[in-house]
Amino acid sequence: MGEKIILSVTPEFSGIRIDKYISDNTELTRSAVQGLINENILVDGKNVNKNYKLKGMEEIVIDVPQPQSMDAVPENIPLDIVYEDNDLLVVNKPKGMVVHPAHGNYNGTLVNALLYHCGESLSGINGIIRPGIVHRIDKNTSGLLIVAKNDRSHIHLAQQIKEHSFTREYQAVASGYFKDVSGTIDAPIGRHKTDRKKMCVTHENSRSAVTHYEVIKQYGGYAHLRLRLETGRTHQIRVHLSYIGHPVLGDDVYGKPFKGIDGQCLHAGKIGFIHPATGEYMEFTRPLPDYFTDIIRRLEKM
14 MGEKIILSVT PEFSGIRIDK YISDNTELTR SAVQGLINEN ILVDGKNVNK NYKLKGMEEI
74 VIDVPQPQSM DAVPENIPLD IVYEDNDLLV VNKPKGMVVH PAHGNYNGTL VNALLYHCGE
134 SLSGINGIIR PGIVHRIDKN TSGLLIVAKN DRSHIHLAQQ IKEHSFTREY QAVASGYFKD
194 VSGTIDAPIG RHKTDRKKMC VTHENSRSAV THYEVIKQYG GYAHLRLRLE TGRTHQIRVH
254 LSYIGHPVLG DDVYGKPFKG IDGQCLHAGK IGFIHPATGE YMEFTRPLPD YFTDIIRRLE
314 KM
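The letter at position 207 of the sequence shown is residue 220 when you use our numbering, and the numbering goes up by one with no holes.
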(Lines of atoms letter the chains of each structure in order from A and count residues from 1; the text may use other names and numbers.)
(Lines give C-alpha, C1' and ligand atoms only; values in the text may rest on other atoms or scores of the structure.)
Protein backbone atom coordinates (compact mmCIF):
# COMPACT_ATOMS: atom_id res chain seq x y z
CA MET A 1 0.00 0.00 0.00
CA GLY A 2 1.32 3.45 -0.91
CA GLU A 3 1.36 6.72 1.02
CA LYS A 4 -1.01 9.69 0.75
CA ILE A 5 0.36 13.20 1.29
CA ILE A 6 -1.91 16.26 1.61
CA LEU A 7 -0.50 19.77 1.27
CA SER A 8 -2.42 23.02 1.82
CA VAL A 9 -0.98 25.82 -0.29
CA THR A 10 -0.89 29.29 1.27
CA PRO A 11 -1.12 32.56 -0.76
CA GLU A 12 2.60 33.40 -0.62
CA PHE A 13 3.36 30.46 -2.91
CA SER A 14 1.23 31.81 -5.76
CA GLY A 15 3.12 31.56 -9.05
CA ILE A 16 5.41 28.70 -7.95
CA ARG A 17 5.52 25.61 -10.18
CA ILE A 18 3.81 22.66 -8.58
CA ASP A 19 6.77 20.28 -9.00
CA LYS A 20 9.10 22.71 -7.22
CA TYR A 21 6.61 23.35 -4.42
CA ILE A 22 6.06 19.65 -3.75
CA SER A 23 9.78 18.79 -3.87
CA ASP A 24 10.53 21.66 -1.44
CA ASN A 25 7.87 20.50 1.00
CA THR A 26 8.16 16.71 0.88
CA GLU A 27 10.85 14.05 0.61
CA LEU A 28 10.02 13.60 -3.09
CA THR A 29 12.56 14.76 -5.67
CA ARG A 30 11.43 17.07 -8.45
CA SER A 31 11.86 14.32 -11.05
CA ALA A 32 9.78 11.95 -8.89
CA VAL A 33 7.01 14.56 -8.69
CA GLN A 34 7.03 14.97 -12.47
CA GLY A 35 6.64 11.21 -12.82
CA LEU A 36 3.58 11.24 -10.53
CA ILE A 37 1.92 14.40 -11.83
CA ASN A 38 -0.42 12.91 -14.46
CA GLU A 39 -2.08 10.17 -12.44
CA ASN A 40 -1.13 10.47 -8.78
CA ILE A 41 -1.42 14.19 -7.98
CA LEU A 42 -4.65 16.17 -7.74
CA VAL A 43 -5.05 19.89 -7.17
CA ASP A 44 -8.48 20.63 -5.72
CA GLY A 45 -9.56 17.26 -7.06
CA LYS A 46 -8.32 17.85 -10.62
CA ASN A 47 -5.34 16.66 -12.65
CA VAL A 48 -2.78 19.28 -13.69
CA ASN A 49 0.38 19.19 -15.79
CA LYS A 50 3.94 19.56 -14.50
CA ASN A 51 4.07 23.21 -15.63
CA TYR A 52 1.08 24.14 -13.48
CA LYS A 53 1.70 27.25 -11.39
CA LEU A 54 0.02 27.51 -8.03
CA LYS A 55 -2.59 30.18 -7.40
CA GLY A 56 -2.56 29.87 -3.62
CA MET A 57 -5.18 28.34 -1.30
CA GLU A 58 -5.24 25.01 -3.20
CA GLU A 59 -5.21 21.57 -1.67
CA ILE A 60 -2.75 19.12 -3.21
CA VAL A 61 -3.29 15.40 -2.72
CA ILE A 62 -0.39 13.13 -3.64
CA ASP A 63 -0.80 9.36 -3.86
CA VAL A 64 2.71 7.96 -3.60
CA PRO A 65 2.61 4.41 -5.00
CA GLN A 66 4.23 1.46 -3.30
CA PRO A 67 7.90 1.38 -4.37
CA GLN A 68 8.78 -1.23 -6.95
CA SER A 69 11.09 -4.01 -5.90
CA MET A 70 14.74 -3.90 -6.89
CA ASP A 71 17.52 -6.40 -7.34
CA ALA A 72 19.55 -5.15 -4.37
CA VAL A 73 20.08 -7.96 -1.92
CA PRO A 74 21.57 -8.08 1.57
CA GLU A 75 25.33 -8.49 1.45
CA ASN A 76 27.62 -9.31 4.34
CA ILE A 77 29.82 -6.25 3.94
CA PRO A 78 31.65 -4.99 7.06
CA LEU A 79 30.36 -1.68 8.38
CA ASP A 80 32.17 0.81 10.60
CA ILE A 81 29.24 1.57 12.91
CA VAL A 82 29.97 4.53 15.16
CA TYR A 83 26.64 4.44 17.01
CA GLU A 84 23.45 2.38 16.92
CA ASP A 85 20.17 2.12 18.80
CA ASN A 86 16.58 1.14 17.98
CA ASP A 87 15.93 4.34 16.01
CA LEU A 88 19.06 5.04 14.00
CA LEU A 89 22.68 4.27 13.33
CA VAL A 90 25.67 6.41 12.40
CA VAL A 91 28.04 4.85 9.87
CA ASN A 92 31.55 5.84 8.84
CA LYS A 93 31.49 5.20 5.08
CA PRO A 94 34.80 4.37 3.40
CA LYS A 95 35.99 6.17 0.31
CA GLY A 96 34.92 4.31 -2.83
CA MET A 97 31.65 2.88 -1.48
CA VAL A 98 28.44 3.92 -3.24
CA VAL A 99 25.59 4.77 -0.86
CA HIS A 100 22.67 3.18 -2.71
CA PRO A 101 22.17 1.00 -5.80
CA ALA A 102 21.97 2.76 -9.15
CA HIS A 103 22.87 2.06 -12.75
CA GLY A 104 26.31 0.45 -12.79
CA ASN A 105 26.40 -0.06 -9.02
CA TYR A 106 23.87 -2.69 -7.96
CA ASN A 107 26.12 -4.53 -5.53
CA GLY A 108 28.60 -3.60 -2.83
CA THR A 109 26.73 -0.47 -1.80
CA LEU A 110 26.02 0.83 1.69
CA VAL A 111 22.37 -0.14 1.22
CA ASN A 112 23.36 -3.76 0.46
CA ALA A 113 25.34 -3.79 3.70
CA LEU A 114 22.52 -2.16 5.69
CA LEU A 115 19.98 -4.68 4.41
CA TYR A 116 22.17 -7.47 5.78
CA HIS A 117 22.89 -5.73 9.09
CA CYS A 118 19.43 -4.31 9.84
CA GLY A 119 17.08 -6.64 8.00
CA GLU A 120 13.66 -4.98 7.78
CA SER A 121 14.52 -2.42 10.47
CA LEU A 122 15.03 0.50 8.09
CA SER A 123 12.76 3.43 7.29
CA GLY A 124 10.77 3.15 4.07
CA ILE A 125 10.26 6.84 3.24
CA ASN A 126 12.81 6.86 0.42
CA GLY A 127 11.48 3.56 -0.92
CA ILE A 128 13.15 0.27 -1.60
CA ILE A 129 15.97 1.92 -3.53
CA ARG A 130 17.20 3.92 -0.52
CA PRO A 131 15.90 2.31 2.68
CA GLY A 132 16.94 4.25 5.75
CA ILE A 133 18.98 6.80 3.81
CA VAL A 134 18.31 10.26 5.25
CA HIS A 135 21.18 12.02 3.45
CA ARG A 136 24.03 10.94 1.21
CA ILE A 137 27.71 11.52 0.61
CA ASP A 138 29.42 10.88 -2.71
CA LYS A 139 31.12 7.62 -3.63
CA ASN A 140 34.62 9.07 -3.30
CA THR A 141 33.85 11.08 -0.17
CA SER A 142 34.56 9.28 3.10
CA GLY A 143 32.94 9.86 6.45
CA LEU A 144 29.85 9.95 8.60
CA LEU A 145 26.22 9.63 7.64
CA ILE A 146 23.08 8.82 9.55
CA VAL A 147 20.62 6.00 8.76
CA ALA A 148 17.03 5.91 10.06
CA LYS A 149 15.55 2.63 11.26
CA ASN A 150 11.94 3.80 11.19
CA ASP A 151 9.81 6.41 9.43
CA ARG A 152 9.30 8.54 12.55
CA SER A 153 13.04 8.96 12.98
CA HIS A 154 13.51 9.61 9.26
CA ILE A 155 10.93 12.41 9.22
CA HIS A 156 12.39 14.01 12.37
CA LEU A 157 15.97 13.93 11.04
CA ALA A 158 14.97 15.14 7.57
CA GLN A 159 13.20 18.11 9.16
CA GLN A 160 16.39 19.03 11.03
CA ILE A 161 18.29 19.01 7.75
CA LYS A 162 15.62 21.19 6.13
CA GLU A 163 15.77 23.65 9.03
CA HIS A 164 19.61 23.75 8.90
CA SER A 165 19.91 22.54 12.51
CA PHE A 166 21.79 19.39 11.48
CA THR A 167 25.56 19.66 11.99
CA ARG A 168 27.73 18.50 9.08
CA GLU A 169 31.41 19.34 9.13
CA TYR A 170 33.93 18.24 6.50
CA GLN A 171 37.64 18.49 5.88
CA ALA A 172 39.10 18.84 2.40
CA VAL A 173 42.27 19.62 0.54
CA ALA A 174 41.67 22.28 -2.09
CA SER A 175 43.83 23.60 -4.90
CA GLY A 176 45.29 27.09 -4.86
CA TYR A 177 46.31 29.66 -2.25
CA PHE A 178 43.54 31.20 -0.10
CA LYS A 179 43.92 34.91 0.57
CA ASP A 180 41.14 34.81 3.16
CA VAL A 181 41.58 32.35 6.03
CA SER A 182 37.80 31.96 6.37
CA GLY A 183 34.69 32.80 4.42
CA THR A 184 31.21 31.88 3.27
CA ILE A 185 30.15 30.76 -0.18
CA ASP A 186 26.51 31.67 -0.74
CA ALA A 187 25.62 30.61 -4.29
CA PRO A 188 22.58 28.65 -5.55
CA ILE A 189 23.14 25.22 -7.07
CA GLY A 190 21.18 23.49 -9.83
CA ARG A 191 21.58 20.89 -12.52
CA HIS A 192 24.09 21.64 -15.29
CA LYS A 193 22.33 22.54 -18.56
CA THR A 194 24.35 20.33 -20.87
CA ASP A 195 25.84 17.69 -18.57
CA ARG A 196 23.00 16.28 -16.50
CA LYS A 197 25.39 14.31 -14.27
CA LYS A 198 26.93 17.54 -13.01
CA MET A 199 25.71 20.34 -10.79
CA CYS A 200 26.69 24.00 -11.10
CA VAL A 201 26.16 27.43 -9.58
CA THR A 202 23.17 28.88 -11.39
CA HIS A 203 20.10 31.03 -10.72
CA GLU A 204 17.95 28.92 -13.06
CA ASN A 205 15.97 26.04 -11.52
CA SER A 206 18.32 26.09 -8.53
CA ARG A 207 18.15 25.93 -4.75
CA SER A 208 19.97 28.09 -2.22
CA ALA A 209 23.31 26.68 -1.05
CA VAL A 210 25.60 28.00 1.70
CA THR A 211 29.02 26.64 2.67
CA HIS A 212 31.27 28.06 5.40
CA TYR A 213 35.00 27.37 5.28
CA GLU A 214 38.17 28.05 7.23
CA VAL A 215 41.78 27.33 6.33
CA ILE A 216 43.53 24.91 8.68
CA LYS A 217 46.91 25.10 6.93
CA GLN A 218 48.32 26.08 3.54
CA TYR A 219 50.94 24.15 1.57
CA GLY A 220 52.12 26.37 -1.26
CA GLY A 221 49.53 25.77 -3.94
CA TYR A 222 47.15 23.76 -1.74
CA ALA A 223 45.09 24.29 1.40
CA HIS A 224 43.72 22.03 4.10
CA LEU A 225 40.20 23.25 4.89
CA ARG A 226 37.46 22.74 7.44
CA LEU A 227 33.97 23.24 5.97
CA ARG A 228 30.50 23.43 7.47
CA LEU A 229 27.35 22.92 5.46
CA GLU A 230 24.40 25.18 6.13
CA THR A 231 22.47 23.48 3.32
CA GLY A 232 22.99 20.08 1.76
CA ARG A 233 22.78 20.19 -2.02
CA THR A 234 24.16 17.51 -4.31
CA HIS A 235 27.96 17.89 -4.66
CA GLN A 236 27.70 21.17 -2.73
CA ILE A 237 31.25 21.48 -1.38
CA ARG A 238 32.79 20.30 -4.64
CA VAL A 239 30.71 22.72 -6.73
CA HIS A 240 31.23 25.68 -4.40
CA LEU A 241 34.99 25.28 -4.10
CA SER A 242 35.31 24.88 -7.86
CA TYR A 243 33.13 27.98 -8.33
CA ILE A 244 35.55 30.15 -6.30
CA GLY A 245 38.55 28.73 -8.18
CA HIS A 246 39.69 26.22 -5.56
CA PRO A 247 38.48 22.76 -6.65
CA VAL A 248 38.86 19.87 -4.23
CA LEU A 249 42.14 18.04 -4.82
CA GLY A 250 41.62 15.00 -7.02
CA ASP A 251 38.09 15.95 -8.10
CA ASP A 252 37.99 14.72 -11.68
CA VAL A 253 34.49 16.16 -12.27
CA TYR A 254 34.82 19.74 -11.01
CA GLY A 255 38.61 19.98 -11.00
CA LYS A 256 41.25 17.58 -12.27
CA PRO A 257 42.73 14.23 -11.20
CA PHE A 258 45.67 14.11 -8.80
CA LYS A 259 48.24 11.35 -8.97
CA GLY A 260 47.91 8.81 -6.20
CA ILE A 261 44.30 9.58 -5.22
CA ASP A 262 41.10 8.17 -6.71
CA GLY A 263 38.57 10.98 -6.63
CA GLN A 264 38.27 14.00 -4.36
CA CYS A 265 40.08 14.48 -1.04
CA LEU A 266 36.99 15.13 1.06
CA HIS A 267 36.00 13.66 4.44
CA ALA A 268 32.76 14.10 6.42
CA GLY A 269 34.36 14.10 9.84
CA LYS A 270 31.61 15.41 12.14
CA ILE A 271 27.86 14.96 12.36
CA GLY A 272 25.44 16.29 14.98
CA PHE A 273 21.67 16.07 15.45
CA ILE A 274 18.86 15.95 17.97
CA HIS A 275 17.90 12.35 18.66
CA PRO A 276 14.34 11.86 17.34
CA ALA A 277 13.26 9.79 20.36
CA THR A 278 15.14 11.28 23.32
CA GLY A 279 15.46 14.93 22.25
CA GLU A 280 19.14 14.80 23.21
CA TYR A 281 21.73 16.50 21.00
CA MET A 282 24.29 13.96 19.84
CA GLU A 283 27.54 14.61 18.01
CA PHE A 284 30.02 12.18 16.51
CA THR A 285 33.44 12.62 14.94
CA ARG A 286 35.82 10.43 13.01
CA PRO A 287 39.53 11.15 12.40
CA LEU A 288 40.94 11.66 8.93
CA PRO A 289 41.33 8.36 7.06
CA ASP A 290 44.69 7.10 5.84
CA TYR A 291 44.28 8.32 2.26
CA PHE A 292 43.75 11.87 3.52
CA THR A 293 46.68 11.90 5.94
CA ASP A 294 48.90 10.41 3.21
CA ILE A 295 48.02 13.38 0.98
CA ILE A 296 48.85 15.84 3.78
CA ARG A 297 52.27 14.20 4.26
CA ARG A 298 52.92 14.44 0.51
CA LEU A 299 52.02 18.13 0.51
CA GLU A 300 54.28 18.82 3.46
CA LYS A 301 57.23 17.45 1.48
CA MET A 302 56.50 19.48 -1.67
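Backbone N, C-alpha and C define an ideal beta-carbon position, used for all residues, glycine too.
Unbroken alpha helix (DSSP H) run spanning residue i, endpoints
i	result
G48	R43 to L49
C278	Counting along the chain, C278 falls outside any alpha helix (DSSP H), and DSSP gives it neither H nor E.
H225	That residue, H225, is in no alpha helix (DSSP H); its beta strand (DSSP E) goes V223 to Y232.
S255	Q249 to Y256
K175	D164 to K175
I138	Where I138 is concerned, there is no enclosing alpha helix (DSSP H), given that its DSSP letter is neither H nor E.
D37	I31 to N38
Backbone secondary structure at residue i - three-state DSSP
i	result
T122	coil
I308	helix
S134	coil
S188	strand
L238	strand
L67	coil
L9	Residue 9 lies beyond the range of the chain shown here (14 to 315); nothing can be said about it.
D264	coil
D199	strand
K210	coil
K152	coil
K283	strand
K59	strand
D93	coil
D76	strand
E52	coil
E182	strand
M315	coil
G245	coil
Where residue i falls, given that 16 or more other Cβ within 10 Å makes a residue buried
i	result
Y183	buried
G263	buried
Q249	buried
G69	exposed
E71	buried
P270	exposed
S255	buried
D151	buried
R310	exposed
N60	exposed
N163	buried
T23	exposed
Q172	exposed
A115	exposed
Y34	buried
G292	exposed
P91	exposed
Y190	exposed
Integer Cβ distance of residue i from residue j, believed to fall under 8 angstroms
i	j	result
L158	V104	6 angstroms
Y235	L312	5 angstroms
Y129	N89	5 angstroms
F297	V95	5 angstroms
V252	I202	6 angstroms
K106	N153	That pair is no contact at about 11 angstroms.
I31	Y65	5 angstroms
I75	I54	5 angstroms
S195	V228	7 angstroms
M315	Y232	7 angstroms
G282	L301	7 angstroms
S166	P78	That belief does not hold up - the Cβ atoms of S166 and P78 are roughly 23 angstroms apart, past 8 angstroms.
A185	L238	5 angstroms
N-terminal and C-terminal residue of the beta strand (DSSP E) that residue i is part of
i	result
F297	Y294 to T298
K17	E16 to S21
L101	L101 to K106
V86	It is not in any beta strand (DSSP E) - V86 carries neither H nor E in the DSSP assignment.
Below-8 angstroms beta-carbon distance, residue i vs any chain C residue
i	result
E16	In the structure shown, chain C cannot be found, because there is only a single protein chain.
Check whether the stretch 294 to 305 and the stretch 119 to 139 are in contact - that is, three or more C-beta pairs closer than 8 angstroms.
The stretch 294 to 305 and the stretch 119 to 139 do not touch, with fewer than 3 CB-CB distances between them shorter than 8 angstroms.
Within the chosen definition, does the stretch 171 to 182 reach the stretch 242 to 260 through at least 3 CB pairs nearer than 8 angstroms?
When Cβ pairs closer than 8 angstroms are counted between the two stretches, the stretch 171 to 182 is seen to touch the stretch 242 to 260, the count reaching three or more.
Do the stretch 209 to 218 and the stretch 147 to 156 make contact, defined as three or more Cβ pairs closer than 8 angstroms?
They do not touch, by the three-pair rule.
Say whether the stretch 202 to 210 touches the stretch 152 to 172, bearing in mind that this needs 3 or more beta-carbon pairs closer than 8 angstroms, one atom from each stretch.
Too few Cβ pairs lie closer than 8 angstroms, so no.
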